[in-house]
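Everything on this sheet refers to the single structure shown next.
Numbering (my numbering), first residue to last: 317 to 556.
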């Protein structure tokens with residue numbers, strides 16, 4: 317059971333609802349057939365986060381072709397898709413503890429590798445999907461204590477992303493990458509060396525953002541967030 321290549325939004329939505337219901341029930345969530353179905357779905361789930369299928373899309377894609385049959389206009393499709401994606405996020409949240417390693421591997425393959433290899437070629441709809449997926453996996457894992465803040469794989473992902481951002485020269489792209497990194501910010505607790513590197517990146521981005529309102533506001537917001545979460549760092553340390 318996979319959703320890759322399935323363009324019928326209603327079918328995907330119904331399938332998602334069934335999986336949410338079954339995996340929320342203690343009598344079914346450990347059933348081997350359900351577990352296997354979830355693994356197959358999760359292996360391809362990132363693609364379903366991408367908001368591609370507006371009926372008015374020109375030139376049309378396979379997704380938009382089928383959307384023309386099911387929806388009256390772009391607004392109807394948009395509202396339906398947003399509800400569908402929220403159900404996907406619930407499906408992940410309900411099963412993250414049992415499938416975290418698989419979902420993190422999907423993140424590494426479909427998100428991290430894509431951004432590291434060609435951040436300038438990522439489309440707007442891809443950034444949106446990547447950021448939503450990162451929050452669904454990484455942020456929820458931290459919030460629910462599914463993993464420790466010192467989880468080695470997550471730390472490596474976080475640090476690799478920061479290193480790549482240090483070489484980005486386009487403001488819009490850097491802003492998108494900072495959003496992708498945001499779910500990992502709380503992992504800097506008790507990791508001052510890497511926090512210093514991240515904060516230095518924010519300072520660099522602040523100077524770089526002169527004349528670019530979007531990045532400027534974003535960086536200021538992130539700086540205020542770090543001061544709020546890690547006040548001790550700023551009391552006892554000075555940054556170069």
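Positions of the beta carbon are idealized from the N, C-alpha and C atoms, including for glycine.
These numbers come from a predicted model, not from an experiment.
Alpha carbon of residue i to alpha carbon of residue j, nearest angstrom
i: residue 274; j: residue 433; result: The displayed coordinates of the chain run from 317 to 556. Any statement about residue 274 would go beyond what the structure contains.
i: residue 393; j: residue 370; result: 7 Å
i: residue 475; j: residue 344; result: 38 Å
i: residue 412; j: residue 450; result: 12 Å
i: residue 361; j: residue 550; result: 40 Å
i: residue 365; j: residue 401; result: 6 Å
i: residue 342; j: residue 416; result: 19 Å
i: residue 542; j: residue 414; result: 31 Å
i: residue 356; j: residue 547; result: 43 Å
i: residue 525; j: residue 429; result: 26 Å
i: residue 527; j: residue 480; result: 23 Å
i: residue 465; j: residue 325; result: 36 Å
i: residue 349; j: residue 452; result: 24 Å
i: residue 441; j: residue 363; result: 11 Å
i: residue 321; j: residue 353; result: Any reading at residue 321 is ruled out, since the residue's pLDDT is 40, under 50, leaving its predicted position unreliable.
i: residue 539; j: residue 506; result: 18 Å
i: residue 514; j: residue 529; result: 21 Å
i: residue 504; j: residue 387; result: 45 Å
i: residue 330; j: residue 340; result: 15 Å
i: residue 516; j: residue 445; result: 27 Å
i: residue 328; j: residue 437; result: 28 Å
Span of the alpha helix (DSSP H) around residue i
i: residue 532; result: 529 to 545
i: residue 343; result: Residue 343 -> no alpha helix (DSSP H), and no H or E assigned at all.
i: residue 471; result: 468 to 481
i: residue 513; result: 508 to 524
i: residue 421; result: 390 to 423
i: residue 492; result: 487 to 497
i: residue 431; result: 429 to 433
i: residue 456; result: 456 to 459
i: residue 505; result: From DSSP, residue 505 is part of no alpha helix (DSSP H); its letter is neither H nor E.
i: residue 258; result: Residue 258 cannot be examined here, being either before or after the span of the chain that is shown, 317 to 556.
i: residue 449; result: 440 to 450
Contact with chain B by residue i, beta-carbon distance below 9 Å
i: residue 420; result: Protein chain content of the structure displayed is limited to a single chain, and chain B is not contained in it.
Which listed residue (the options) has its alpha carbon closest to that of residue i
i: residue 389; options: 459, 447 and 372; result: 372
i: residue 457; options: 406, 443 and 431; result: 406
i: residue 420; options: 387, 539, 334 and 462; result: 462
i: residue 447; options: 359, 340, 496 and 509; result: 496
i: residue 332; options: 530, 408, 346 and 387; result: 408
i: residue 482; options: 354, 504, 330 and 435; result: 435
i: residue 443; options: 493, 452 and 467; result: 493
i: residue 335; options: 367, 359 and 403; result: 403
i: residue 460; options: 544, 508, 410 and 509; result: 410
i: residue 367; options: 439, 339, 533 and 508; result: 439
i: residue 536; options: 491, 431, 346 and 437; result: 491
i: residue 545; options: 328, 340 and 508; result: 508
i: residue 431; options: 477, 391 and 418; result: 477
i: residue 359; options: 418, 338 and 510; result: 418
Point to revise | Inter-stretch contact (C-beta, 8 Å, three-pair minimum) for the region 499 to 507 and the region 468 to 485 | key: Touching, per the Cβ criterion.
Review point. Is the region 518 to 525 close to the region 483 to 491, with three or more CB pairs under 8 Å?
Key: Contact between the region 518 to 525 and the region 483 to 491 is present, because at least three Cβ pairs lie under 8 Å.
Check your understanding: Below 8 Å, can you find three or more Cβ-Cβ pairs linking the region 394 to 401 to the region 418 to 431?
Key -> Too few Cβ pairs lie closer than 8 Å, so no.
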